[in-house]
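UniProt numbering puts the first residue of the sequence shown at 1, with every later residue one more than the last.
Just below is one structure, and these are the notes that go with it.
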Amino acid sequence: MELRVLRYYLTVAREENITRAAEILHITQPTLSRQMAELEEELNTKLFERTNRKIFLTESGMLLRRRAEELVSLADKIEQDFQSGDDELMGLVSIGSGVSSAVSENLPELMEKFAQKYPQVRFELCTGTAAVIKDQLDKGLLDVGILMEPIEVEKYDFVRLPQKEIWGILMPEDDPLAQKEAITPEDLRSLPLIVSWRIGEREAKAWFGGDTENLNVFCTYDLIDNAALLVERRLGYAFAIKGALKAFPGICFRPLFPEVSNTSVLVWKKYQPVSQAVQKFIQLARDAYKA
């Protein structure tokens, strides 16, 4: 199975049309059709359902699409990793993160310093949940990630970032609770809650004094924008990190009291060889934050 054919396949899957995909790839339609038929034969499975106008992926086709995207992404990354010349550092540093104060404050600072020193190195930023970032790190599709502690120290090396992540509640600006400077457990006991997966069960129980059995959890979430939409519709009060939500009209943040906070870390996979560009970026982070 050739990487070139997988790139062809991904183009067909994206365009859902052989003729249009062939035009994009600058090959003839019969050639592309033959390549796809040979791919199905090689894998001994049907990848497409065909109609007069469109092509749809079968279940096997969708699985191949996910695997092909990973392989092509990794192949592109390998090429980038070995682009450094003799005199000037080049290549790609891929960074995965969620939305946090560390991402908005510390990461741009690091990237700016690095770009000034190594202007030929490019960055790739990928936004996702902690689970997605760890999965991509483990597969080698990301070089480094920004995660909130605790982390699996047996799997990852890390640099602790200085920005503290403060937890609080998102609510409509005209909500009665918005008049308070901080939100206490008693304020929330009877209210519908929208709970982030990122706030651990241990932290939540500690803040509520161990009494979490009777809480009214309306929804859990992983992406802050989804939670904000629910808050906007007044469906609940969302646990969130200060600064995670930028410029969402009509919604405000109030911190928890007693305070609940986490620290973020820049992590990378232990014992995994990385490019010279990534090594330099990690060293810059170590030097900046005295790790």
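Built from N, CA and C at the ideal position, the CB exists for glycine as well.
For I251, the enclosing beta strand (DSSP E) has its first and last residue at 251 to 255. Between the region 244 to 264 and the region 165 to 174 there are three or more C-beta pairs closer than 8 Å, enough to call the two in contact.
Non-local C-beta neighbours of K77 in its own chain, meaning closer than 8 Å and more than five positions away in sequence, comprise L92, S94, G140, L141, ordered along the chain. A check of alpha carbon separations from E88 across Q120, L107, E112 identifies Q120 as the nearest.
For P162, the closest C-alpha among the options A277, A240, H26, Y289 is that of Y289. In the structure shown, Q272 falls within a coil segment according to DSSP collapsed to helix, strand and coil.
By the criterion of at least three beta-carbon pairs nearer than 8 Å, the region 230 to 237 is in contact with the region 203 to 221.
Within the region 121 to 192, the complete beta strand (DSSP E) segments at least 3 residues long are 121 to 127, 144 to 148, 156 to 172, listed from N- to C-terminus. Annotation: Q35 to L25 spans about 13 Å, alpha carbon to alpha carbon.
Contact holds between the region 277 to 289 and the region 103 to 116, because three or more Cβ pairs, one in each stretch, are under 8 Å apart. Taking C-alpha positions only, E232 is separated from E105 by approximately 26 Å. Here DSSP, grouped into helix, strand and coil, assigns E105 to helix.
Under the 10 Å beta carbon count, N52 is surrounded by fewer than 16 other beta carbons and is classified as exposed. Check the Cα spacing between N44 and each of L125, G61, E79, T184: the tightest is with G61. The beta-carbon separation of K155 and K269, rounded to 7 Å, stays under the 8 Å limit for a contact.
Per DSSP, V99 is not a residue of any alpha helix (DSSP H), being assigned neither H nor E. Here the alpha carbons of S100 and K117 stand approximately 26 Å from one another. Residue environment for K46: exposed (fewer than 16 other C-beta atoms within 10 angstroms of its C-beta).
If the five residues before and after N17 are omitted, its C-beta is found closer than 6 Å to no C-beta atom of its own chain. Here R65 has Y9, L10, A13, L57 as same chain residues with Cβ atoms under 8 Å from its own Cβ, once five neighbours each way along the sequence are excluded. Judged by beta-carbon spacing, L266 lies within the 8 Å limit of I146, meaning their Cβ atoms are closer than that value. Residue pairing by DSSP puts N262 in a beta bridge opposite E165.
Taking a C-beta distance under 8 Å as the contact criterion, I194 and A227 qualify as a contact pair. Between the C-alpha atoms of Y221 and T127 there is a straight-line separation of about 15 Å.
It is roughly 25 Å from the alpha-carbon of N262 to the alpha-carbon of Q179.
The straight-line gap separating the alpha-carbon atoms of E186 and L125 is approximately 40 Å. Within the region 203 to 232, the complete alpha helix (DSSP H) segments at least 4 residues long are 224 to 232, listed from N- to C-terminus.
Per the DSSP secondary-structure output, G236 pairs with nothing in a beta bridge.
Taken atom to atom, the span from the alpha-carbon of T212 to that of E15 is near 49 Å.
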